[in-house]
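Chemist: In our numbering, the protein residues as written are 353 to 416.
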Amino acid sequence: MSTTTMVGFLAGFLTTISFLPQVVKTWKSRSASDLSLGMFSVFSVGVMFWLVYGFLIQEPPIIF
353 MSTTTMVGFL AGFLTTISFL PQVVKTWKSR SASDLSLGMF SVFSVGVMFW
403 LVYGFLIQEP PIIF
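(1) Name the residue from Ser354, Ile369, Met358 whose alpha carbon lies nearest to the alpha carbon of Ser393.
(2) By alpha-carbon positions, which one of Leu366, Tyr405, Ser383, Pro413 ends up nearest to Gly390?
(3) Since Tyr405 and Val375 should fall inside the 8 Å C-beta cutoff, what is the C-beta to C-beta distance between them, to a whole number of angstroms?
(4) Tell me which same chain residues have a C-beta within less than 7 Å of the C-beta of Phe395, skipping the five on either side of it?
(5) How long is the line joining the alpha carbons of Gly364 and Thr355, rounded to whole angstroms?
(6) Starting from Leu389, trace the alpha helix (DSSP H) both ways and give me its first and last residue.
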């Protein structure tokens, strides 16, 4: 598997699971008033990987 493909898979995986920390936090606290730093962090890293992947495969729709 190429590095480019791995970056794409990593981007998809991270952005897909990024909301899991928020679900856990909301479930435990029984309140949806706070935003989970874990969710925001994982989502941000996943989006960064999407940007890198878009540049690697030279696809403007993914980059922008």
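Each residue gets a CB set at the ideal place from its N, CA and C atoms; glycine is no exception.
Modeler: Per the coordinate set shown:
(1) Nearest to Ser393 by alpha-carbon distance, out of Ser354, Ile369, Met358, is Ile369.
(2) For the residues Leu366, Tyr405, Ser383, Pro413, the minimum Cα distance to Gly390 belongs to Leu366.
(3) Actually they are not in contact, since the Cβ atoms of Tyr405 and Val375 sit about 25 Å apart, beyond 8 Å.
(4) For Phe395, where only same-chain residues beyond five positions count, the Cβ hits under 7 Å are Thr367, Ser370.
(5) In a straight line, the C-alpha of Gly364 is about 14 Å away from that of Thr355.
(6) From DSSP, the alpha helix (DSSP H) with Leu389 extends over 389-409.
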